[in-house]
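To keep things clear, I will list the structure first and then write my remarks on it.
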Amino acid sequence: MNSATQLKMMGSSPAFLSVLRASRLVAVTGATVLIQGESGVGKELLAESIHEASRQADGPFVAVNCAALSETLVESELFGHAKGAYTGAVAKRIGRIAAAHKGTLFLDEIGDMPLSIQAKMLRFLENGECQPLGVEQPARVEVRVVAATNRDLAALVAAGQFRQDLYHRLHVVPLLLPPLRERGQDVALLANAFLASFATRHGVALPAFSRSALELLRSHTWPGNVRELRNLCERLVIFQAGQEISDTCIRGQLFPHAACGTNKADFTPALAPFSLPSDGLSLEWVERNLILAALERTHGNRTHAAKLLDLSRDTLLYRMRKYALR
Amino acid sequence: METFSLFIPLLLAFSSGLHCLGMCGGIVGAMTFRVSSVPVAQRKRVWLLSLAANMGRLVSYAIAGALVTLFGHALFTTLSPGYGHLLLQGLAGIILVGNGLFLIGRFPHMHMIEQLGSHLWLLLEPFAKRFMTPQTLLQAFVFGLVWGWFPCSLVYGTLLWSSGSCSVLSGAVVMLLFGAGTLPVMLSAGWLVGYVVHLGGLSRVGHFTAWILLAIGILNLILLGWTAHNSRLHELSQTVNCLIPP
Ligand SMILES: Nc1ncnc2c1ncn2[C@@H]1O[C@H](COP(=O)(O)OP(=O)(O)OP(=O)(O)O)[C@@H](O)[C@H]1O
Ligand SMILES: [Mg+2]
Chain A
0 MNSATQLKMM GSSPAFLSVL RASRLVAVTG ATVLIQGESG VGKELLAESI
50 HEASRQADGP FVAVNCAALS ETLVESELFG HAKGAYTGAV AKRIGRIAAA
100 HKGTLFLDEI GDMPLSIQAK MLRFLENGEC QPLGVEQPAR VEVRVVAATN
150 RDLAALVAAG QFRQDLYHRL HVVPLLLPPL RERGQDVALL ANAFLASFAT
200 RHGVALPAFS RSALELLRSH TWPGNVRELR NLCERLVIFQ AGQEISDTCI
250 RGQLFPHAAC GTNKADFTPA LAPFSLPSDG LSLEWVERNL ILAALERTHG
300 NRTHAAKLLD LSRDTLLYRM RKYALR
Chain B
0 METFSLFIPL LLAFSSGLHC LGMCGGIVGA MTFRVSSVPV AQRKRVWLLS
50 LAANMGRLVS YAIAGALVTL FGHALFTTLS PGYGHLLLQG LAGIILVGNG
100 LFLIGRFPHM HMIEQLGSHL WLLLEPFAKR FMTPQTLLQA FVFGLVWGWF
150 PCSLVYGTLL WSSGSCSVLS GAVVMLLFGA GTLPVMLSAG WLVGYVVHLG
200 GLSRVGHFTA WILLAIGILN LILLGWTAHN SRLHELSQTV NCLIPP
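These protein sequences, in sequence, are chains A and B.
Just so you know, numbering that gives the first Met the number 0 puts 74 at position 75 of the first sequence, and the rest follows in order with no gaps.
Just so you know, numbering that gives the first Met the number 0 puts 102 at position 103 of the second sequence, and the rest follows in order with no gaps.
This is how it looks when you write it as structure tokens:
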């Protein structure tokens with residue numbers, strides 16, 4: 000669990016609070032929860048807080064990223080396998096589902112789960128039985144399922160990319176986290192809280208937003224939602240330690256490619272994370288290393304790595320193939 | 000206007016169908032999850048449990064309706080013995096317009112009224128949690144009693160509007176009607192939630208009724224102005240927002 004998740008879920012907008020209230024109620028029931036919302040709205044954080052408010056809070060919280068699972072290994076990853084179940088299965092393996100026994104199984108990016116796995120997943124959700132590969136007798140597991148996706152599951156069902164029966168199984172308690180731009184007052188609240196926590200973490204003097212900066216934050220559309228705001232605040236803490244943060248400065252951070260008046264020149268050098276060595280370097284080498292770094296930071300989660308690099312997942316996969324990265 | 004008084008709470012309820020489905024459908028789903036995860040034979044039990052919970056919710060609505068009307072009258076007749084009633088009805092008319100605008104997506108600030116109940120909910124939440132997995136119909140009913148106070152802009156909006164009712168009984172009945180109007184959607188929530196087609200249909204119906212509400216709200220205000228202008232205040236209690244005269 001990274002340090003970000005140690006932060007409690009914050010917010011005071013009505014739209015956010017109603018979801019939070021509903022989630023606290025349903026947490027105690029053990030019902031399957033489906034969290035929907037745009038990327039970066041806090042779905043994973045909400046899933047964790049549901050686990051913590053639930054009756055199985057003492058049990059494990061096991062997160063599975065369905066988008067990151069390769070189709071060939073996904074089955075043994077989720078359900079486990081017996082020793083010798085297939086060539087290469089040298090030892091018995093406990094699947095993620097069984098690992099979540101008496102706890103919460105968090106199925107992240109459920110919309111990206113391969114169709115072939117969906118049928119087996121449905122069987123598990125229907126009767127709570129988990130059958131590892133190469134094992135005759137399925138085992139009963141007691142697992143609370145929380146699923147999340149930033150895709151429109153209903154549309155995926157309509158397009159035939161997601162099983163309708165699985166959708167109904169998951170859609171018992173739908174919770175819709177609103178995007179940050181619809182959460183008005185939350186933007187300032189979160190921004191100030193992030194500034195404070197990053198200033199402490201990096202051991203620098205706390206910067207402060209100017210009025211116009213807060214107005215700009217409020218009117219920004221936040222396509223990356225809370226994650227975008229959080230990343231912005233971390234950069235601001237580093238570049239503006241102890242200073243007042245102006246709207247121009249934020250504009251420069253939010254839209255680094257846009258021309259933004261005379262001030263741009265002032266902070267561009269400080270912002271540029273790299274400098275060109277006097278004898279030059281290989282751009283491809285830099286790119287390859289950055290991709291590796293992103294994958295390492297996200298523990299191999301390609302969807303998240305793509306987000307870190309501001310690429311689409313497909314573009315990232317293309318470049319990984321280009322550099323023969325796995 | 001009397002027939003309007005009858006239809007307004009129903010219209011409010013119908014147009015909030017989708018909203019309720021999102022917010023409360025999940026709560027019903029969670030409440031009956033234990034039971035519904037057992038095979039088909041349990042269908043009826045699930046249905047009875049949600050019926051009991053919904054009845055509890057309606058009772059709470061009625062109590063709330065009576066309370067706010069009582070309070071509204073006391074407050075406004077103290078503020079202005081002669082015109083208190085008129086002011087209250089004017090306010091209710093404005094609130095109705097606000098509800099209509101909120102429902103067609105033009106007045107998101109309406110959401111703020113949820114704050115009114117957030118403190119009350121903090122007190123009630125432990126009880127709601129305790130009865131969240133009811134074993135008996137009585138427990139489900141008690142859960143519903145608590146659930147009725149769950150902060151929700153639509154419920155609160157209707158409640159504010161009902162405070163302009165001509166009598167305490169009328170206020171209670173208005174809220175009861177509103178609750179009854181939410182029943183079709185809430186009782187089928189288990190099956191409805193997730194049926195894409197139905198959701199699309201519901202939101203269209205909701206939008207349509209929201210426009211009607213807006214129109215009624217404006218008409219309400221015009222009529223009110225007219226009545227006041229012609230000094231026919233004695234007719235007021237019979238004209239607007241009055242299901243059961245005092
Ligand atoms: N309400 C909140 N309070 C504090 N931090 C939050 C809040 N919501 C989100 N965050 C932070 O924002 C970041 C993104 O949140 P999270 O990973 O839960 O988003 P997500 O919805 O799962 O995104 P994705 O769809 O991309 O997986 C995390 O660092 C999380 O800690
Ligand atoms: Mg996530």
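No residue lacks a Cβ here, since even glycine has one placed at the ideal position from N, Cα and C.
Are the region 10 to 25 of chain A and the region 41 to 53 of chain A in contact at 8 Å, needing three or more beta carbon pairs? Using a C-beta cut-off of 8 Å, the region 10 to 25 of chain A makes contact with the region 41 to 53 of chain A, since at least three inter-stretch Cβ pairs fall below that distance.
Can you give me the start and stop residues for the beta strand (DSSP E) that A:Ala146 sits inside? Here the beta strand (DSSP E) through A:Ala146 covers 142 to 148.
With H, G and I counted as helix, E and B as strand and the rest as coil, what does DSSP make of B:Cys23? Per DSSP, reduced to three states, the secondary structure at B:Cys23 is helical.
What do you reckon, is the C-beta of A:Met8 under 8 Å from a heavy atom of ligand 4? Ligand 4 is not part of the structure shown, which contains ligand 1 and ligand 2 as its ligands.
In angstroms, rounded to a whole number, what distance separates the CA positions of A:Leu189 and A:Met9? Cα to Cα, the separation comes out at about 7 Å.
Flag this pair as touching only if the region 235 to 255 of chain A and the region 211 to 219 of chain A have three or more C-beta atom pairs under 8 Å; answer yes or no. Contact holds: three or more Cβ-Cβ distances are below 8 Å.
Looking only at C-alpha atoms, which of A:Glu76, A:Phe161, A:Val144 sits nearest to A:Asp151? Comparing Cα-Cα distances from A:Asp151 to each of A:Glu76, A:Phe161, A:Val144, the minimum goes to A:Phe161.
Could you check if A:Phe254 is buried or exposed, using at least 16 other CB atoms within 10 Å of its CB as the buried criterion? So A:Phe254 counts as exposed.
Should B:Phe149 be flagged as near chain A, meaning a C-beta pair shorter than 9 Å? Output row for B:Phe149: interface = yes.
A:Pro222 in three-state terms, based on DSSP: If DSSP states are grouped into helix, strand and coil, A:Pro222 belongs with coil.
If you check the beta carbons only, do A:Pro59 and A:Ala98 fall under 9 Å apart? Between A:Pro59 and A:Ala98, the C-beta spacing is below 9 Å.
Got a sec: is the Cβ-Cβ distance from A:Leu121 to anything in chain B below 9 Å? Not one beta carbon of chain B lies nearer than 9 Å to the beta carbon of A:Leu121.
Quick one: measure Cβ to Cβ for B:Ser35 and B:Ala91, integer angstroms, because I've assumed they're closer than 8 Å. Between B:Ser35 and B:Ala91, the beta carbon gap of about 40 Å keeps them out of contact (Cβ cut-off 8 Å).
Assuming contact is defined by CB atoms lying nearer than 9 Å, are A:Ala204 and A:Ala240 in contact in what I supplied? Yes, the pair counts as a contact, with Cβ atoms nearer than the cut-off.
Taking only three categories from DSSP, how would you classify A:Glu295? Helix.
9 Å Cβ cutoff, B:Gln138 in contact with chain A: Not an interface residue.
Bridge-paired residues (DSSP) for A:Gly79: For A:Gly79, the pairing in a beta bridge is given by DSSP as A:Ile93.
Compare the C-beta of B:Ile7 with all C-beta atoms of chain A and state if any pair is closer than 9 Å. By the rule that beta-carbons nearer than 9 Å mark a contact, B:Ile7 does not touch chain A.
Could you tell me whether the Cβ of B:Arg33 comes closer than 9 Å to any Cβ of chain A? Flagged as an interface residue toward chain A: B:Arg33, by a C-beta distance shorter than 9 Å.
Ignore the nearest five residues each way along the sequence and tell me which others in A:Arg23's own chain have a CB closer than 6 Å to its CB. If we look at A:Arg23 and ignore the five residues flanking it on each side, its Cβ neighbours are Ala52.
Listed by chain order, chain B residues near A:Ser17 by CB distance under 7 Å: Residues of chain B whose Cβ lies closer than 7 Å to the Cβ of A:Ser17 are, in chain order, Met22, Glu113, Pro150.
A:Asp313 to A:His298 span [Cα, whole Å]: CA-to-CA, the gap between A:Asp313 and A:His298 works out to about 18 Å.
Pairwise C-alpha distance: A:Val145 and A:Cys129: Near 17 Å, if we compare the C-alpha coordinates of A:Val145 and A:Cys129.
Decide if A:Gly41 is buried, meaning its Cβ has at least 16 other Cβ atoms within 10 Å, or exposed. Under this definition A:Gly41 is a buried residue.
Please state if the CB of B:Ala214 and the CB of B:Ser14 are separated by a distance shorter than 9 Å. No, the Cβ-Cβ distance between B:Ser14 and B:Ala214 is not below 9 Å.
Shorter than 9 Å from the beta carbon of B:Ala209 to some beta carbon of chain A? Interface with chain A (9 Å Cβ-Cβ cutoff): B:Ala209 is excluded.
Does the beta carbon of B:Ser15 sit closer than 9 Å to a beta carbon anywhere in chain A? Output row for B:Ser15: interface = no.
Return no unless some Cβ of chain A is closer than 9 Å to the Cβ of B:Ser117. Residue contact with chain A for B:Ser117: present (Cβ-Cβ distance below 9 Å to some residue of chain A).
Figure out for me which residue from B:Trp225, B:Gly89, B:Gly224, B:Phe142 has the closest Cα to the Cα of B:Val58. For the residues B:Trp225, B:Gly89, B:Gly224, B:Phe142, the minimum Cα distance to B:Val58 belongs to B:Phe142.
Any beta carbon from chain B within less than 9 Å of A:Ser12's own beta carbon? For A:Ser12, a Cβ of chain B is located within less than 9 Å of the residue's own Cβ.
Measuring straight from C-alpha to C-alpha, what distance separates B:Leu137 and A:Val236? Between the C-alpha atoms of B:Leu137 and A:Val236 there is a straight-line separation of about 55 Å.
Is A:Ala157 near ligand 2, with its Cβ less than 8 Å from a heavy atom? Relative to ligand 2, A:Ala157 has its C-beta separated by 8 Å or more from all heavy atoms.
Should B:Ser169 be listed as close to ligand 1, given that the test is whether its C-beta is under 8 Å from any heavy atom? No, the beta carbon of B:Ser169 sits no closer than 8 Å to any heavy atom of ligand 1.
Would a check of beta-carbon distances place A:Leu24 closer than 9 Å to chain B? Chain B, which has a Cβ nearer than 9 Å to the Cβ of A:Leu24, makes this yes.
Once the 5 residues before and after B:Ala227 are set aside, which same chain residues still bring their CB inside 7 Å of it? Contacts found: Leu85.
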